[in-house]
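Trainee:
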Amino acid sequence: MPQVNLIIILIAVASLAGFYGIFQKAGEKGWKALVPVYNFYIWLKILKKPGWWTIIFLIPGVGYMMVMVMAGITSLQMQKKKELDVASALVLIPVELYILFSMLPSVKNSMLAMGFEALLAYITYSSVKTFLSLTSSGKKADAGGENMRMIVCGILFFISLPYYGFSKLVFTAPSSDGKEKARRSVGKEWAEALSFAVIAATIIRTFFLEAYTIPSSSMEKSLMIGDYLFVSKADYGARIPMTPLSFPFAHNSLPGTRNAISYLDWLKYPYLRLPGFTHIKRHDIVVFNFPDGDTVCSNPGMDNPGYYAYCRDYGRDFVLSNGSIPMPEGQESFGKLIIRPVDKEENYIKRCIGTPGDTLLIRHAQVYINGKADEIPGEAQFAYSVTTADGDQLPQSLTDRLDITETVYSDPAKPNSYLYILTRKGADIVRQSPDVVSVIPVLQDSGKFDREVFPFSADYKWNVDNFGPLFVPNKGAVIKLDTSNLHLYRRIITAYEHNMLEVKGADIYINGSKTDHYTFKMNYYFMMGDNRHRSEDSRYWGFVPDDHVVGKASFIWMSIKENTSFAKRFRWKRFFTFINTEGLSSSYFIPGLLIIFLAIVYFY
Numbered sequence: 005m006p007q008v009n010l011i012i013i014l015i016a017v018a019s020l021a022g023f024y025g026i027f028q029k030a031g032e033k034g035w036k037a038l039v040p041v042y043n044f045y046i047w048l049k050i051l052k053k054p055g056w057w058t059i060i061f062l063i064p065g066v067g068y069m070m071v072m073v074m075a076g077i078t079s080l081q082m083q084k085k086k087e088l089d090v091a092s093a094l095v096l097i098p099v100e101l102y103i104l105f106s107m108l109p110s111v112k113n114s115m116l117a118m119g120f121e122a123l124l125a126y127i128t129y130s131s132v133k134t135f136l137s138l139t140s141s142g143k144k145a146d147a148g149g150e151n152m153r154m155i156v157c158g159i160l161f162f163i164s165l166p167y168y169g170f171s172k173l174v175f176t177a178p179s180s181d182g183k184e185k186a187r188r189s190v191g192k193e194w195a196e197a198l199s200f201a202v203i204a205a206t207i208i209r210t211f212f213l214e215a216y217t218i219p220s221s222s223m224e225k226s227l228m229i230g231d232y233l234f235v236s237k238a239d240y241g242a243r244i245p246m247t248p249l250s251f252p253f254a255h256n257s258l259p260g261t262r263n264a265i266s267y268l269d270w271l272k273y274p275y276l277r278l279p280g281f282t283h284i285k286r287h288d289i290v291v292f293n294f295p296d297g298d299t300v301c302s303n304p305g306m307d308n309p310g311y312y313a314y315c316r317d318y319g320r321d322f323v324l325s326n327g328s329i330p331m332p333e334g335q336e337s338f339g340k341l342i343i344r345p346v347d348k349e350e351n352y353i354k355r356c357i358g359t360p361g362d363t364l365l366i367r368h369a370q371v372y373i374n375g376k377a378d379e380i381p382g383e384a385q386f387a388y389s390v391t392t393a394d395g396d397q398l399p400q401s402l403t404d405r406l407d408i409t410e411t412v413y414s415d416p417a418k419p420n421s422y423l424y425i426l427t428r429k430g431a432d433i434v435r436q437s438p439d440v441v442s443v444i445p446v447l448q449d450s451g452k453f454d455r456e457v458f459p460f461s462a463d464y465k466w467n468v469d470n471f472g473p474l475f476v477p478n479k480g481a482v483i484k485l486d487t488s489n490l491h492l493y494r495r496i497i498t499a500y501e502h503n504m505l506e507v508k509g510a511d512i513y514i515n516g517s518k519t520d521h522y523t524f525k526m527n528y529y530f531m532m533g534d535n536r537h538r539s540e541d542s543r544y545w546g547f548v549p550d551d552h553v554v555g556k557a558s559f560i561w562m563s564i565k566e567n568t569s570f571a572k573r574f575r576w577k578r579f580f581t582f583i584n585t586e587g588l589s590s591s592y593f594i595p596g597l598l599i600i601f602l603a604i605v606y607f608y
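Take the position in the sequence shown, starting the count at 1, then add 4; the result is the number in our numbering.
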């Protein structure tokens with residue numbers, strides 16, 4: 005987008021011009037502002053900050069945040085001007101009010117939204133109070149005004165830096181004898197400390213560890229709804245942020261909202277991953293960006309916002325025309341389409357079943373990799389039809405013992421039968437119950453076509469229990485390409501590897517050239533949930549590209565069970581457990597608490 009590139013160039017030029025003027029006011033040569041990287045070092049020197057912080061400016065994504073923070077700190081060293089504090093309030097308060105009211109519909113459904121809304125309401129109240137004091141006669145600009153000025157000047161650094169550089173306002177160098185710190189308000193101390201805490205946390209979240217919560221049952225019983233875990237970015241190598249201009253700690257929407265976009269796509273980086281300690285191995289539990297989630301419907305009434313699924317069901321033209329379809333709450337339209345960058349697609353967590361170069365086959369729910377039966381995870385679940393003698397469901401005591409969390413339905417194909425989601429061990433226990441007549445796996449027939457299963461073509465009569473064979477591409481692999489297998493790799497060629505593809509009769513053209521083969525540019529993976537009959541995974545949307553990989557699920561620090569009494573809410577055995585391919589380790593909760601206690605005693 006040429007307009008966006010022009011905006012970025014103007015911001016860079018304006019910032020450098022501001023540096024030039026500020027450097028001269030601070031007693032430094034103006035030309036130093038024009039030398040990349042060195043200008044950051046001089047800026048830190050002027051503000052009496054550690055020189056090694058220059059490294060932070062060079063970190064993609066975090067560097068922009070650092071520029072904002074340092075611009076805000078620079079504003080505190082300029083000559084005070086009441087008009088600037090008033091202008092800052094006039095900029096900040098409408099933004100606060102807009103976010104405050106846009107989040108109101110989400111408050112009743114989210115504790116996070118409620119807490120964030122309360123905090124924002126207090127901040128808005130403080131801002132309005134400060135604004136009134138600033139505009140009252142005889143009142144001086146107080147610490148609150150300085151805080152607002154710091155925030156606005158930081159966010160609008162491309163405006164504030166040139167203004168401070170070329171206005172008549174005097175720059176006052178920070179004192180190094182401790183007097184400056186003594187004069188600083190508590191508000192300024194907290195604002196600066198919070199800014200650097202955000203930067204430190206962003207670095208950790210981007211390159212080392214990120215918190216994640218299990219939202220669905222697709223990985224049960226290996227990972228449970230309510231598991232709070234850490235995802236290691238370092239294991240496979242941290243991915244450099246591809247969309248660096250983003251609201252701190254938010255993924256693709258502002259906290260407590262569903263579709264209020266939390267990022268700007270003005271600046272995008274190509275895919276680049278830092279070296280890691282290992283590569284993805286078969287059976288690793290991996291967090292990745294949902295490949296089919298690059299385009300979603302914005303209407304929150306849609307139970308499944310996936311654009312491509314709706315196109316298959318209703319047709320592309322109908323979706324693009326914002327047609328209405330029946331939903332439980334009434335007719336709903338699709339709403340505006342949201343196009344998301346790769347790193348802002350929804351996070352999914354699944355187990356890696358197929359690695360690059362593998363050939364995968366599923367027969368009667370048994371996975372085969374390169375012709376050999378793949379080991380089924382010990383906590384994997386399948387659907388079973390349970391027939392009881394009296395026609396009643398299993399007793400509550402047994403379902404509690406087995407921790408059955410999935411909704412139980414009547415089996416329409418058999419009388420006195422119910423559909424349960426069970427582990428293999430759980431199925432054996434149910435078989436031993438005196439009231440149970442039979443426990444039979446519920447599997448789809450081989451050769452039965454499921455239109456919701458990848459690759460969505462009647463030429464491939466695949467379903468969730470009978471799938472493949474399918475080659476999982478590896479970087480550099482060459483396949484013979486024709487119209488019969490194009491369904492399998494079309495999305496890779498076009499969406500993931502950004503080629504133009506045309507089919508003219510029986511001929512295939514890639515980037516305008518006729519071809520009968522294709523060479524893959526990336527590694528790909530096949531992911532499946534351990535809850536095999538209740539998981540939306542690669543069987544439904546295909547391959548996971550290497551550039552979509554976020555990290556490896558590593559550690560559960562807390563696990564809370566929903567919809568139960570307080571006494572049963574905490575799954576203590578899952579606290580402080582490490583996640584392995586074989587399952588969870590023993591709990592290190594007590595040793596972990598002891599280490600935390602000793603650390604607090606030592607440092608405080």
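Think of the CB as a built atom: it goes at the ideal place given N, C-alpha and C, for glycine as much as any other residue.
1. Can you tell me the Cα-Cα spacing of residue 599 and residue 367, whole angstroms?
2. Tell me whether residue 7 sits in a helix, a strand or coil according to DSSP, three-state version.
3. What's the gap between the Cα of residue 365 and the Cα of residue 385?
4. Cβ of residue 477 within 8 Å of Cβ of residue 295?
5. If we ignore side chains and look at the alpha-carbon of each, how far apart do residue 1 and residue 97 end up?
6. Tell me the DSSP secondary structure of residue 287 in three-state form.
7. Closest to residue 462 by C-alpha separation, out of 377, 437, 489 and 127, would be which residue?
8. Taking residue 311 as the reference, give the member of 284, 340, 289 and 286 with the closest Cα.
9. Cutting at 6 Å between CB atoms, please list the residues of its own chain near residue 241, excluding the five before and the five after it.
10. Just the C-alpha distance for residue 2 and residue 238, rounded to the nearest angstrom, thanks.
11. Starting from residue 43 and walking both ways along the alpha helix (DSSP H), at which residues does that stretch end?
12. Which value, in whole angstroms, describes the spacing of the CA atoms of residue 71 and residue 336?
13. In its own chain, which residues sit with a C-beta less than 8 Å from the C-beta of residue 285, not counting the 5 before and 5 after it?
14. In terms of DSSP beta bridges, what is residue 358 paired with?
15. Taking residue 522 as the reference, which of 559, 166, 481 and 509 has the closest Cα?
16. Measuring alpha carbon to alpha carbon, tell me which residue in 594, 59 and 407 is nearest residue 580.
17. Grab me the residues of residue 381's own chain with a C-beta within less than 8 Å of its C-beta, minus the 5 sequence neighbours each way, in chain order.
18. Quick one: is residue 282 buried, meaning 16 or more other Cβ sit within 10 Å of its Cβ, or exposed?
19. Contact defined as beta carbons within less than 8 Å: I believe residue 252 pairs with residue 206. What is the distance between those atoms, to the nearest angstrom?
20. In three-state DSSP terms, what is residue 468?
21. How many angstroms separate the CA atom of residue 15 from the CA atom of residue 269?
22. Looking at the structure shown, is residue 62 part of a helix, part of a strand, or coil, going by DSSP?
23. DSSP three-state call for residue 433: helix, strand or coil?
24. Provide the residue span of the alpha helix (DSSP H) that contains residue 523, from first to last.
25. Near residue 610, which residues of its chain fall below 6 Å by C-beta distance, leaving aside the five closest residues on each side in sequence?
26. Grab the span of the beta strand (DSSP E) containing residue 445 for me, first residue to last.
27. Enumerate in chain order the residues of its own chain whose CB-to-CB distance from residue 145 is below 7 Å, with the five nearest sequence positions on each side excluded.
28. Would you kindly report the start and end of the unbroken beta strand (DSSP E) that includes residue 229?
29. Going by C-alpha distance, which of 446, 513, 573 and 401 is nearest residue 416?
30. Taking a contact to mean a Cβ-Cβ separation below 8 Å, would you say residue 353 touches residue 291 in this structure?
31. So is residue 42 buried or exposed if we call it buried at 16+ other beta carbons inside 10 Å?
32. With DSSP as the reference, label residue 82 as helix, strand or coil.
33. Is residue 53 near residue 46, with beta carbons less than 8 Å apart?
34. Relative to the alpha-carbon of residue 487, which residue among 500, 464 and 472 has its alpha-carbon at the smallest distance?
35. When the Cα atoms are used, what is the spatial distance from residue 319 to residue 536?
36. From what residue to what residue does the alpha helix (DSSP H) around residue 400 run?
Mentor: On the basis of the data shown:
1. Numbered from its first residue, the sequence shown carries residue 599 at position 595. Numbered from its first residue, the sequence shown carries residue 367 at position 363. Between residue 599 and residue 367, the alpha-carbon positions lie close to 48 Å from each other.
2. Here residue 7 refers to the residue found at position 3 when the sequence shown is read from its first residue. Only weak support is given to the placement of residue 7: the predicted model assigns it a pLDDT of 49, under 50, and the question is left unresolved by the model.
3. Counting from one through the sequence shown, the residue named residue 365 turns up at place 361. Counting from one through the sequence shown, the residue named residue 385 turns up at place 381. In this structure, the straight-line span from the alpha carbon of residue 365 to that of residue 385 is close to 19 Å.
4. Sequence index remark: in the sequence shown, residue 477 carries index 473 (1-based). Sequence index remark: in the sequence shown, residue 295 carries index 291 (1-based). Contact flag unset, no.
5. The requested residue 1 does not occur in the structure, where the chain is confined to residues 5 to 608.
6. Position 283 of the sequence shown, counting from 1, holds the residue named residue 287. In the structure shown, residue 287 sits in coil (DSSP, three-state: anything other than H, G, I, E or B).
7. Along the sequence shown, read from residue 1 onward, the residue named residue 462 stands at position 458. It is 489 whose Cα lies nearest to the Cα of residue 462.
8. In the sequence shown, counting from the first residue as 1, residue 311 sits at position 307. Taking only the C-alpha atoms, the option nearest residue 311 is 340.
9. Walking along the sequence shown from the start, residue 241 turns up at place 237. Taking C-beta separations shorter than 6 Å and ignoring five residues to either side along the sequence, the partners of residue 241 in its chain run 277, 278, 279 and 280, following chain order.
10. Residue 2 falls outside the range modelled here, since the chain spans only 5 to 608, and no answer is possible.
11. Counting from one through the sequence shown, the residue named residue 43 turns up at place 39. Per DSSP, residue 43 belongs to the alpha helix (DSSP H) from 42–50.
12. By one-based count along the sequence shown, residue 71 stands at place 67. By one-based count along the sequence shown, residue 336 stands at place 332. The straight-line gap from Cα to Cα measures roughly 44 Å.
13. Residue numbering aside, residue 285 sits at position 281 when the sequence shown is read from its first letter. Hits under 8 Å: 356, 359 and 585.
14. As a working note, residue 358 is residue 354 in the sequence shown. 530, per the DSSP bridge assignment.
15. Sequence index remark: in the sequence shown, residue 522 carries index 518 (1-based). Closest option to residue 522, Cα to Cα, is 481.
16. Residue 580 sits at position 576 when you count from the first residue of the sequence shown. Per the Cα distances, 594.
17. Your numbering for residue 381 matches position 377 in the sequence shown. Taken in chain order, the residues that qualify are 226, 287, 355, 534 and 587.
18. Counting from 1 along the sequence shown, the entry for residue 282 is found at position 278. Counting Cβ neighbours within 10 Å, residue 282 comes out exposed, since fewer than 16 surround it.
19. Locating residue 252 in the sequence shown gives position 248, counting from the first residue. Locating residue 206 in the sequence shown gives position 202, counting from the first residue. With 8 Å as the limit, residue 252 and residue 206 qualify as a contact, their Cβ atoms being about 6 Å apart.
20. On the sequence shown, position 464 is the one that residue 468 refers to. Coil at residue 468, not helix or strand.
21. The sequence position of residue 15 within the sequence shown is 11, counting from 1. The sequence position of residue 269 within the sequence shown is 265, counting from 1. If I take the Cα positions, the gap works out to 15 Å.
22. The residue labelled residue 62 in the question sits at position 58 within the sequence shown. Of the three classes helix, strand and coil, the one that applies to residue 62 here is coil, per DSSP.
23. If you number the sequence shown from 1, residue 433 lands on position 429. Three-state DSSP puts residue 433 in a helix.
24. What you label residue 523 is simply residue 519 of the sequence shown in a count that begins at 1. From DSSP, residue 523 is part of no alpha helix (DSSP H) but of the beta strand (DSSP E) over 521–523.
25. Shown here, the chain extends from 5 to 608; a query on residue 610 therefore has no answer.
26. If you number the sequence shown from 1, residue 445 lands on position 441. In the DSSP annotation of this structure, the continuous segment of the beta strand (DSSP E) that includes residue 445 starts and ends at 440–445.
27. Residue numbering aside, residue 145 sits at position 141 when the sequence shown is read from its first letter. Reliability fails at residue 145, whose pLDDT of 44 lies under 50, so the model's placement of it is uncertain and the value that follows must be treated cautiously. Excluding five sequence positions before and after residue 145, the CB atoms of its chain that fall closer than 7 Å to its own CB belong to 84, 86, 89 and 138, given in chain order.
28. Here residue 229 refers to the residue found at position 225 of the sequence shown. Counting along the chain, residue 229 falls outside any beta strand (DSSP E), and DSSP gives it neither H nor E.
29. Within the sequence shown, residue 416 is the residue found at index 412, counting from 1. The shortest C-alpha separation from residue 416 is found at 446.
30. What you label residue 353 is simply residue 349 of the sequence shown in a count that begins at 1. What you label residue 291 is simply residue 287 of the sequence shown in a count that begins at 1. Yes.
31. As a working mapping, residue 42 is identified with position 38 in the sequence shown. With fewer than 16 Cβ atoms within 10 Å of its Cβ, residue 42 is classed as exposed.
32. Locating residue 82 in the sequence shown gives position 78, counting from the first residue. DSSP places residue 82 in strand when its eight states are reduced to three.
33. Residue numbering aside, residue 53 sits at position 49 when the sequence shown is read from its first letter. Residue numbering aside, residue 46 sits at position 42 when the sequence shown is read from its first letter. Cβ atoms of residue 53 and residue 46: not closer than 8 Å.
34. Working through the sequence shown from its first residue, we reach residue 487 at position 483. Cα-wise, what sits closest to residue 487 is 464.
35. The count along the sequence shown starts at 1 and reaches residue 319 at position 315. The count along the sequence shown starts at 1 and reaches residue 536 at position 532. If I take the Cα positions, the gap works out to 29 Å.
36. Walking along the sequence shown from the start, residue 400 turns up at place 396. Residue 400: member of the alpha helix (DSSP H) spanning 400–406, first to last residue.
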